[in-house]
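Dropping the structure here:
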């Protein structure tokens, strides 16, 4: 069995404007995972007004992430590869084997919950180019 919950790292960087950007990311693919088996890149974006979420919004994000746990933990169809927060937006990046199944599981996870202001983007990315770009950028940060 692949342990998809290990090997997370967290980094804080600054933009040229002095704003913080926070990354929670896997710097390596989980052992035993073949990227082409999870060719669907699913990005969930949550935009907000402030540079970073205030305490109240941070708590709401934690609640949302709790609802989303079934999609990234012990799920044979999908795994979460990074989460990052930048001025005005938080993003969760999943890779899934089957996109329609991912959407069904997402809807099931959020059924009966308050409506969250998220946008969902999907693309086929068998080489995990998007995650690789974010990972490589994080690895280039000073001190990493």
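In this note's numbering, the protein residues as written are 1 to 144. Built from N, CA and C at the ideal position, the CB exists for glycine as well. Note that this is a predicted model, so its numbers are computed, not measured.
Is it true that the CB of residue 96 sits closer than 9 Å to the CB of residue 42? Residue mapping note: residue 42 aligns to position 42 of the chain shown, counting from 1. Residue mapping note: residue 96 aligns to position 96 of the chain shown, counting from 1. Yes, the pair counts as a contact, with Cβ atoms nearer than the cut-off.
Starting from the C-beta of residue 169, find all residues in its chain whose C-beta is less than 8 Å away, skip the five residues before and the five after it, and write them out in chain order. The chain is shown from 1 up to 144; residue 169 falls before or after that span and cannot be answered.
Between residue 47 and chain B, is the shortest Cβ-Cβ distance under 9 Å, so that the two count as touching? In the displayed structure, chain B is absent; only one protein chain is listed.
How is the beta strand (DSSP E) around residue 14 delimited, first residue to last? The residue given as residue 14 occupies position 14 in the chain shown. Segment 8 to 14, the beta strand (DSSP E) holding residue 14.
For residue 133, the three-state DSSP class (helix, strand or coil): Here residue 133 refers to the residue found at position 133 of the chain shown. Helix.
Cβ pair residue 128, residue 29 closer than 9 Å: For this step, residue 128 is matched to residue 128 along the chain shown. For this step, residue 29 is matched to residue 29 along the chain shown. Yes, these two residues count as a Cβ contact at 9 Å.
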